[in-house]
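Notes follow once the structure below has been shown.
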Amino acid sequence: MDSDGTQDARGTHATPVPRPAVPRERSAVPPRPSVPPSVDGSGFLEWLRASRPEALPGVWRFGHHPRPVEEPDEIPARQLLTGALIAFLVGWLIWSLLENGYLGGWWILPLQLLAPDAWLHSDSDIVRGLLYNGYTLLIILAIMIGVGRLGRWAEVWRRFGAPRFRRREPEQAAPAPQDDPAQWNQLRAAGASDAAERLAADARSGVMRDVDYARITRAWQGVRSGRHDLATFSGAVLREGAAACLHPSGERDLPARIARHDLVSGQVRLGTTAEDPRNPYAYRGTGLGLGPDLLGTSLLAVGPAGSGKTGTVVRPLAESLCLHALAGRAAVVVVGAAGAGLGPADAYDVVVRIGNPDSVYDLDLYGTGDPDEAAAVLAEALVGDLADAHPGSDSRRSTTVLAQLLGPFRAVHDRFPSVPELRQLLDGAPGALGALRTALEGSGQESLLRELDARERQLGQPGDVSAVLADRLALLDRPAFAGFFDTSGQSRPFSLKALDHPVRVRIDLPARGHAEASRMLARLVLAQFTASIAVREDRSLFACLVLDDATGVVTPEAVRGIQRLRSGNAGAVLTLRTLDDVPRPLRGPLLGSTGCRMALAGVTPWDGQDFADVWGKEWTEARDVTDRQIIAETPAGKAVHALRRVITGKAPTARAVTVRQVERERWSASELAHGVPPGHAVLSLTSVQGEHAPPLLVDLRG
Numbered sequence: 001m002d003s004d005g006t007q008d009a010r011g012t013h014a015t016p017v018p019r020p021a022v023p024r025e026r027s028a029v030p031p032r033p034s035v036p037p038s039v040d041g042s043g044f045l046e047w048l049r050a051s052r053p054e055a056l057p058g059v060w061r062f063g064h065h066p067r068p069v070e071e072p073d074e075i076p077a078r079q080l081l082t083g084a085l086i087a088f089l090v091g092w093l094i095w096s097l098l099e100n101g102y103l104g105g106w107w108i109l110p111l112q113l114l115a116p117d118a119w120l121h122s123d124s125d126i127v128r129g130l131l132y133n134g135y136t137l138l139i140i141l142a143i144m145i146g147v148g149r150l151g152r153w154a155e156v157w158r159r160f161g162a163p164r165f166r167r168r169e170p171e172q173a174a175p176a177p178q179d180d181p182a183q184w185n186q187l188r189a190a191g192a193s194d195a196a197e198r199l200a201a202d203a204r205s206g207v208m209r210d211v212d213y214a215r216i217t218r219a220w221q222g223v224r225s226g227r228h229d230l231a232t233f234s235g236a237v238l239r240e241g242a243a244a245c246l247h248p249s250g251e252r253d254l255p256a257r258i259a260r261h262d263l264v265s266g267q268v269r270l271g272t273t274a275e276d277p278r279n280p281y282a283y284r285g286t287g288l289g290l291g292p293d294l295l296g297t298s299l300l301a302v303g304p305a306g307s308g309k310t311g312t313v314v315r316p317l318a319e320s321l322c323l324h325a326l327a328g329r330a331a332v333v334v335v336g337a338a339g340a341g342l343g344p345a346d347a348y349d350v351v352v353r354i355g356n357p358d359s360v361y362d363l364d365l366y367g368t369g370d371p372d373e374a375a376a377v378l379a380e381a382l383v384g385d386l387a388d389a390h391p392g393s394d395s396r397r398s399t400t401v402l403a404q405l406l407g408p409f410r411a412v413h414d415r416f417p418s419v420p421e422l423r424q425l426l427d428g429a430p431g432a433l434g435a436l437r438t439a440l441e442g443s444g445q446e447s448l449l450r451e452l453d454a455r456e457r458q459l460g461q462p463g464d465v466s467a468v469l470a471d472r473l474a475l476l477d478r479p480a481f482a483g484f485f486d487t488s489g490q491s492r493p494f495s496l497k498a499l500d501h502p503v504r505v506r507i508d509l510p511a512r513g514h515a516e517a518s519r520m521l522a523r524l525v526l527a528q529f530t531a532s533i534a535v536r537e538d539r540s541l542f543a544c545l546v547l548d549d550a551t552g553v554v555t556p557e558a559v560r561g562i563q564r565l566r567s568g569n570a571g572a573v574l575t576l577r578t579l580d581d582v583p584r585p586l587r588g589p590l591l592g593s594t595g596c597r598m599a600l601a602g603v604t605p606w607d608g609q610d611f612a613d614v615w616g617k618e619w620t621e622a623r624d625v626t627d628r629q630i631i632a633e634t635p636a637g638k639a640v641h642a643l644r645r646v647i648t649g650k651a652p653t654a655r656a657v658t659v660r661q662v663e664r665e666r667w668s669a670s671e672l673a674h675g676v677p678p679g680h681a682v683l684s685l686t687s688v689q690g691e692h693a694p695p696l697l698v699d700l701r702g
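Counting from 1, position 557 in the sequence shown corresponds to residue 557 in UniProt numbering; the numbering is continuous, with no gaps.
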């Protein structure tokens, strides 16, 4: 059945996902699950049945317990304990006075008025003893309740006693059979009871793991939507059980995980929101979880080297997206410098090591068969960052120049030119242009001849950008890249057109010694990614580009492309060391086009100012406290004030408090630059549904 690579037999799909770049030995023993189940599989069942309540954007939903709606008034601990002790002493004093008769016998009057005379004057000592002792106990309870409420004993116990004596909470009761996700009742309701029984048995025995559950659930959604056949799905489940509907790579898990994942809610945990008064009360102390619902609005993380962008943000997100790809939910492309620590090669289907002769895969320089589209993408990669340095070399004019050459060349050779061939054409070498003209003549393609004539007329004219394009292309015409960007069909090029399938791709850029070429290739990948998202047929598959270092990548066209990703069920994760790596006119549009913005510890004040501007201001309550000295006018008052000054060491004052509403920045530039502790970040979130989370101080180490 048509499963986009999630349910077909391996190697039978018309356009299969590329196989893993590093061969692996197959084992009959399934890989270790994310939550190691016990012998009877209770570990997996406990994970599957855990509560995941609906929560605010960014809250880690696995086992989440929502806080009260309103923040309680927190009394200082010293004041609370002092009040409780004073209330206890007052209650003890009252009871002592009653017990010793210092207050007379009036407190016994209610008993004498309400109790029957037969009880009061009974000859039985037992009746009188029960009556008087019970009344005494009632008085003691009344005193305890009164002083307990006065001294806030319940608050003292909640804050100081309960945490020390609280025992392990009882395990959650198993859900009712009709609500138990391990019973696969949706399959039973559709008439696939045998398949449901097989999956339930695998869940109980511990054979199933979180990726299996997510993958089969995704396949079942395809059945419900009519894209897949129920009989084929049921047959695959009956044959394979938890291993049904495998990813084309045949993998059921990643080799190793470094982060906590919950594939039911689709989140990966990045840290914990700090117990900070600047965080909204509902977020304090909760886990921070990101998923496709937030990454679909794109994420921009800014922080200096060593602030944790790769280790605490990029690597966990890339790992989460790879798990989603194994479950048939996502396609991911991770781009970074070689050796940046973006995960092992075994975690990816395709690993493109540009500049490394041992690379199994090559990168398709053009990414499409349409000359006009290829010209637009290549122009963005070559000169997208030169608009300020070379005002005439904008992408539109460069696209026209490249299209005038790519169209005729493809018509003659049925392929695009290699890097050396395209460089010769841009340089206007007579031999290259003459050979192309000779091949075109007599072919009946007069329109392409006119394109070539126009290109020859423009050569060397003022405003011609072909020389600039040739100089930029020369960065890729180096011995280190001699075996790459091949167009003759001798290599295995990877094209981002494969994002219609749940593919996992890692592209290693040759940053060492080829920094400018690496930035050019990063722009090329981003341009191809945004172009391929716009023409995808199956948009139910989430696609994400993770760019570990976006220095020199942000251009006007790139910002427009990022803005369009959300409508195509796609997103991008970009990291920068500083916003100075982005042209000043593009900083505001870049921050505006990304729904999730993160400022890590150590950002500069001017970077903090850009974040403060985009996060805006909020109304807050400001308290102005004024202490005014009290002047005594009578001799007695002066004596009292003198005595008070001797005891306290301070003059008697009267405090006046003024409360007013003021508008202040959520996070100021100075706070972002100097008030974010190491290992922390300030993060704002926006979901694809339009829900917002204000800037949150997050501990990325939690």
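Glycine is no exception: its CB is placed at the ideal position from the N, C-alpha and C atoms.
message: Is Glu691 a contact residue of the ligand FMN, with contact defined as CB to any heavy atom under 6 Å?
response: What this structure holds is no ligand at all, so the ligand FMN is not there to describe.
task: Measure the alpha-carbon distance for Arg397 versus Leu541 and round it to whole angstroms.
output: Using only the alpha carbons, I get a separation of about 35 Å.
Range of the contiguous beta strand (DSSP E) that encloses Arg587: Segment 584 to 593 is the alpha helix (DSSP H) holding Arg587; no beta strand (DSSP E) there.
- prompt: Per DSSP, which one or two residues make a beta bridge with Trp619?
  reply: The bridge partners DSSP lists for Trp619 are Glu663.
message: Please classify Gln404 as buried or exposed, where buried requires at least 16 neighbouring CB atoms within 10 angstroms.
response: By the neighbour-count criterion, in which a residue is buried when 16 or more other Cβ atoms sit within 10 angstroms of its Cβ, Gln404 is buried.
task: May I ask which residues mark the beginning and end of the beta strand (DSSP E) holding Ile507?
output: According to the DSSP assignment, Ile507 belongs to the beta strand (DSSP E) that extends over 504 to 509.
Cβ separation of Leu288 and Gly271, assumed to be a contact under 8 Å, to the nearest whole Å: Taking the Cβ atoms as the reference, Leu288 lies roughly 5 Å from Gly271, within the contact range of under 8 Å.
task: Compare the C-alpha of Arg52 against each of Ala154, Val237, Gly266 and name the closest.
output: For Arg52, the nearest C-alpha among the options comes from Gly266.
field: Candidates Ile143, Ala599, Gly434: closest to Leu89 by CA position
entry: Of the listed residues, the one whose Cα sits closest to Leu89 is Ile143.
task: With a 10 Å radius around its C-beta and 16 neighbouring C-beta atoms as the bar for buried, classify Ala21 as buried or exposed.
output: With a pLDDT of 42 at Ala21, under the threshold of 50, the predicted position of this residue should be treated as unreliable, and no value is reported.
- request: Report the rounded CA-to-CA distance for Trp619 versus Arg660, giving the unit in angstroms.
  value: Taking the straight line from one Cα to the other gives about 10 Å.
query: Could you give the distance in angstroms between the alpha-carbon of Cys544 and the alpha-carbon of Ala340?
result: Approximately 19 Å, taken between the alpha carbons.
message: Here's the rule I'm using: 16 or more other beta-carbon atoms within 10 Å means buried, otherwise exposed. How should residue 706 be labelled?
response: This structure cannot settle anything about residue 706, because the visible part of the chain is limited to 1 through 702.
field: Secondary structure, alpha helix (DSSP H): runs of 4+ residues fully inside the stretch 306 to 385
entry: Fully enclosed alpha helix (DSSP H) runs of 4 or longer: 315 to 326, 371 to 383.
task: Would you kindly report the start and end of the unbroken beta strand (DSSP E) that includes Gly271?
output: Boundaries of the beta strand (DSSP E) harbouring Gly271: 267 to 273, taken from the DSSP string.
message: Since Ala696 and Leu683 should fall inside the 8 Å C-beta cutoff, what is the C-beta to C-beta distance between them, to a whole number of angstroms?
response: A small correction: the amino acid at residue 696 is Leu; Ala does not occupy that position in the sequence shown. Between Leu683 and Leu696 the Cβ distance is about 5 Å, and since that is below 8 Å, they are a contact.
Ala77 vs Gly151 beta-carbon contact at 7 Å: Not in contact: Ala77 and Gly151 (Cβ atoms no closer than 7 Å).
- prompt: How many angstroms separate the CA atom of Gln689 from the CA atom of Gly206?
  reply: Distance between the alpha carbons of Gln689 and Gly206 is about 36 Å.
- prompt: What are the boundary residues of the alpha helix (DSSP H) that includes Pro66?
  reply: No alpha helix (DSSP H) holds Pro66; DSSP gives it neither H nor E.
message: Which residue marks the beginning of the alpha helix (DSSP H) containing Thr232, and which one marks its end?
response: Bounds of the alpha helix (DSSP H) holding Thr232 are 230 to 240.
- prompt: Which value, in whole angstroms, describes the spacing of the CA atoms of Phe493 and Gly191?
  reply: For the record, residue 493 in the displayed sequence is Pro; it is not Phe. The C-alpha of Gly191 is placed about 44 Å away from the C-alpha of Pro493.
field: Residue range of the unbroken alpha helix (DSSP H) whose run includes Leu436
entry: The continuous alpha helix (DSSP H) containing Leu436 extends over residues 430 to 440.
query: Alpha carbon to alpha carbon, how far is Gln221 from Ala470?
result: Cα-Cα distance, rounded: 50 Å.
- prompt: Which whole-angstrom value is the C-beta distance of Val264 and Leu290, which I expect to be below 8 Å?
  reply: Your pair Val264 and Leu290 does not check out as a contact, with CB atoms roughly 15 Å apart and the cut at 8 Å.
- prompt: If you drop the 5 nearest sequence neighbours on each side, which residues of the same chain put their C-beta closer than 6 Å to that of Glu25?
  reply: A caution first: Glu25 carries a pLDDT of 36, below 50, which makes its placement in the model too unreliable to give a value.
task: With 7 Å as the threshold, decide whether the Cβ of Glu46 is near any Cβ in chain C.
output: Absence of chain C from the displayed structure is noted, only one protein chain being present.
- prompt: Cβ of Asp349 within 7 Å of Cβ of Ser495?
  reply: Contact flag unset, no.
- prompt: Should Val553 and Leu526 be called a contact, given that it needs their Cβ atoms to be closer than 7 Å?
  reply: Yes, they are a contact pair.
query: By the 10 Å Cβ neighbour count, where 16 or more other Cβ atoms means buried, how is Tyr281 classified, buried or exposed?
result: Classification of Tyr281: exposed, given that the 10 Å Cβ count is below 16.
field: Test item: CB-CB of Gly428 and Leu459 under 7 Å
entry: In this structure, Leu459 lies closer than 7 Å to Gly428 by Cβ.
field: CB contact flag (Leu342, Ala374, <7 Å)
entry: Contact flag unset, no.
field: Thr400 - DSSP class collapsed to helix/strand/coil
entry: Residue state, collapsed to three classes: helix.
- prompt: Can Leu187 and Ala200 be called in contact, C-beta distance under 7 Å?
  reply: Contact flag unset, no.
query: If we count the other Cβ atoms within 10 Å of its Cβ and call it buried at 16 or more, is Asp179 buried or exposed?
result: With fewer than 16 Cβ atoms within 10 Å of its Cβ, Asp179 is classed as exposed.
task: Take the Cβ of His390 as the centre, count every other Cβ of all protein chains shown within 10 Å, and call the residue buried at 16 or more, exposed below.
output: Per-residue confidence for His390 stands at a pLDDT of 48, beneath the threshold of 50, marking its modelled position as unreliable; the derived number appears in the next sentence. It counts as exposed.
- prompt: Taking Cβ to Cβ, would you say Ala612 is nearer than 7 Å to Trp667?
  reply: Pairing Ala612 with Trp667 gives a Cβ-Cβ distance under 7 Å.
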